[in-house]
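Report on the following structure.
In our numbering, the protein residues as written are 164 to 714.
In structure tokens:
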């Protein structure tokens with residue numbers, strides 16, 4: 164970000180040539196001459212990807228497809244727009260004021276048409292000054308220094324008569340949540356809400372409750388926020404995500420439906436809702452949602468190759484070979500534009516569908532245990548295998564040593580953590596009863612191992628619990644087994660019964676297990692495990708406790 168506003172580089176995004184020219188002339192009045200223009204959402208994305216702009220003046224209504232608010236949400240969350248950039252929304256809709264009032268990701272300011280050049284320049288200068296004031300915080304965030312950003316925010320708040328207090332409090336509270344300083348974040352939100360009912364603070368407090376495992380209170384706050392403002396999309400989305408993580412998939416789908424009614428073209432939400440519909444076995448609904456995601460996504464980095472792959476599979480099932488081939492080629496194009504591990508896996512699946520060769524699926528086997536292989540890809544894998552494998556024989560033997568059962572075993576062992584998840588994988592293989600039964604049986608075996616390990620812990624047979632759970636967790640990467648293995652390891656280390664060599668090894672193992680749980684369990688549980696591990700790492704080996712621990 165340049166120091167002086169007249170040195171700034173500006174992007175005007177509007178589908179009207181007249182508006183673009185008028186804005187250019189207005190900016191020239193204050194000496195801003197480095198101005199580019201874009202006439203569509205796709206062109207705006209390309210401009211922002213290829214250059215850095217200090218100011219973006221964006222129209223709200225681009226006609227069909229995404230609007231300016233949905234575009235802003237997408238690129239802010241993808242990190243393609245620097246925090247220091249000023250984003251102005253320009254709209255003819257007076258109702259936009261209600262949208263921006265509760266938007267988690269909002270513009271720095273907005274103008275309702277018609278407006279004068281003086282209004283634009285005055286408001287732009289105010290927004291510019293605010294960005295300059297907050298720049299120390301943005302710099303720390305961009306340097307991946309959240310603690311430095313928190314300190315910078317607190318220093319600014321401590322200044323007498325500090326401007327932009329609301330913005331500073333919002334930034335600080337977000338940073339506290341992202342740094343897992345949940346008690347401090349909760350105290351800050353409660354302090355803010357004690358004097359004034361602010362939607363973002365109420366949503367933030369709900370997020371803290373959710374992360375701390377207080378689901379009932381989080382649910383209550385989110386429902387209350389929605390009642391107070393029926394357009395509060397971010398509250399809906401937080402509620403839907405919470406329901407999904409709790410396995411309440413049908414309820415999550417209902418909430419996502421409400422989101423779609425308010426903002427029908429948000430790519431991220433369309434993909435989440437479409438994948439969820441697939442999990443629930445509603446392939447027609449999934450196709451509608453994912454098709455819209457692709458149509459709106461265009462060149463967006465938010466569009467996943469797996470979303471396009473799901474459409475290719477649906478077209479193949481319906482014998483729509485033209486659409487199937489179109490989508491399969493789009494998968495490959497998506498990987499060329501955004502070459503990440505998840506997209507590469509989708510491309511391998513697309514290649515297997517193109518070739519029709521079952522052996523091509525073996526290229527993905529190693530990736531199945533990788534960090535980037537998720538539940539959505541597991542579903543796509545089973546659907547792909549179902550497409551290209553010859554019809555199953557009801558009398559065929561399920562041999563876990565050979566494909567496809569070897570692959571189904573890997574997927575079931577990794578992802579089955581509840582009956583709901585098992586049911587989703589089983590329903591994906593629904594037309595092949597042998598596959599379905601094999602997934603169910605494998606999932607039950609994982610559940611039995613976990614239950615046996617928990618029983619050993621309850622009987623204080625901690626060494627036996629470690630011996631059972633740790634190898635199973637390491638080989639399957641199942642998050643439920645990993646959590647139990649981490650608990651068993653910590654509990655056993657606390658007894659002081661492990662010899663020095665075993666203690667050193669088990670401390671490293673426990674650390675690896677806890678790191679692997681990030682994003683898979685409640686933050687409050689993860690933080691508790693990490694705190695216990697930190698205590699063990701910082702303390703000398705304790706003396707063996709006189710207990711009835713069995714060897």
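Don't be surprised by glycine CBs; every beta carbon is placed ideally from N, CA and C.
{"Query": "By Cβ distance below 6 Å, which residues in the same chain neighbour residue 338 in space, the five residues on each side in sequence not counted?", "Result": "309, 312 and 313"}
{"Query": "Terminal residues of the continuous beta strand (DSSP E) containing residue 173?", "Result": "172-176"}
{"Query": "Starting from residue 771, trace the beta strand (DSSP E) both ways and give me its first and last residue.", "Result": "Past the boundaries of the shown model lies residue 771; the chain is included only from 164 to 714, so the question cannot be answered."}
{"Query": "Tell me whether residue 653 sits in a helix, a strand or coil according to DSSP, three-state version.", "Result": "helix"}
{"Query": "Per DSSP, what kind of secondary structure is residue 253 in: helix, strand or coil?", "Result": "strand"}
{"Query": "Could you give the DSSP three-state label for residue 268: helix, strand or coil?", "Result": "coil"}
{"Query": "In the structure shown, what three-state DSSP assignment does residue 633 receive?", "Result": "helix"}
{"Query": "Rank 664, 555 and 592 by C-alpha distance to the C-alpha of residue 572 and give the top, closest one.", "Result": "592"}
{"Query": "To the nearest angstrom, how far is it from the Cα of residue 648 to the Cα of residue 676?", "Result": "8 Å"}
{"Query": "If you count every other CB in all the chains shown that lies within 10 Å of the CB of residue 306, and 16 or more means buried, which is it?", "Result": "exposed"}
{"Query": "Between the C-alpha atoms of residue 709 and residue 661, what's the straight-line distance to the nearest angstrom?", "Result": "For residue 709, the predicted structure reports a pLDDT of 48, less than 50, and the residue's modelled location is therefore unreliable. The matter cannot be settled from this model."}
{"Query": "Would you give the residue range spanned by the alpha helix (DSSP H) that residue 476 belongs to?", "Result": "468-480"}
{"Query": "So, for residue 595: in the same chain, excluding its five sequence neighbours on each side, which residues have a beta-carbon less than 6 Å away from its beta-carbon?", "Result": "555"}
{"Query": "From residue 441 to residue 420, what distance separates their C-alpha atoms?", "Result": "14 Å"}
{"Query": "Can you tell me which of the three DSSP states residue 660 falls into?", "Result": "coil"}
{"Query": "Buried or exposed for residue 192, going by 16 or more other Cβ atoms inside 10 Å?", "Result": "exposed"}
{"Query": "So, with DSSP's three-state summary, where would you put residue 307?", "Result": "coil"}
{"Query": "Go ahead and pull the three-state DSSP assignment for residue 219.", "Result": "strand"}
{"Query": "Below 8 Å on the Cβ atoms is my guess for residue 632 versus residue 644; work out the distance and round it to an integer in Å.", "Result": "6 Å"}
{"Query": "When you compare each of 223, 250 and 235 to residue 258 by their alpha carbons, which one comes out closest?", "Result": "223"}
{"Query": "In terms of residues, what are the limits of the alpha helix (DSSP H) holding residue 526?", "Result": "Where residue 526 is concerned, there is no enclosing alpha helix (DSSP H), given that its DSSP letter is neither H nor E."}
{"Query": "Would DSSP call residue 274 helix, strand or coil?", "Result": "strand"}
{"Query": "Let me confirm a value: residue 714 is counted as buried when at least 16 other C-beta atoms fall within 10 Å, else exposed. Which label applies?", "Result": "Residue placement at residue 714 is flagged as unreliable, the pLDDT there being 36, under the threshold of 50; the coordinate-derived value follows with that caveat. With fewer than 16 other Cβ atoms within 10 Å, it is exposed."}
{"Query": "Could you give the residue range of the alpha helix (DSSP H) that holds residue 430?", "Result": "430-442"}
{"Query": "Just to confirm the assignment, what range does the alpha helix (DSSP H) spanning residue 353 have?", "Result": "345-358"}
{"Query": "Return the Cβ separation of residue 316 and residue 340 in integer angstroms, given the expectation that the two are a contact with Cβ distance under 8 Å.", "Result": "In fact, because the Cβ distance is near 13 Å, the residues do not count as touching under 8 Å."}
{"Query": "Would you mind sorting residue 618 into buried or exposed? The rule is 16 or more other CB atoms within 10 Å of its CB.", "Result": "exposed"}
{"Query": "Could you check what DSSP says for residue 231 in three-state terms: helix, strand or coil?", "Result": "helix"}
{"Query": "Give me the Cα-Cα distance between residue 542 and residue 588, rounded to the nearest whole angstrom.", "Result": "7 Å"}
{"Query": "Nearest to residue 671 by CA position, among 534, 180 and 696, is which residue?", "Result": "696"}
{"Query": "Count the other C-beta atoms from every protein chain shown that fall within 10 angstroms of the C-beta of residue 226, then say buried if there are 16 or more, exposed otherwise.", "Result": "exposed"}
{"Query": "Please go through the same chain and pick out, in chain order, the residues whose beta-carbon is closer than 8 Å to the beta-carbon of residue 653, but skip the five residues on each side of it.", "Result": "673, 692, 695, 696 and 699"}
{"Query": "Ends of the alpha helix (DSSP H) at residue 460?", "Result": "446-460"}
{"Query": "Which of the three DSSP states, helix, strand or coil, is assigned to residue 520?", "Result": "coil"}
{"Query": "Is the separation between the beta-carbon of residue 228 and that of residue 252 shorter than 9 Å?", "Result": "no"}
{"Query": "For residue 432, collect the residues of the same chain with a Cβ closer than 6 Å to its Cβ; drop the 5 residues on either side in sequence, then sort them by chain order.", "Result": "422"}
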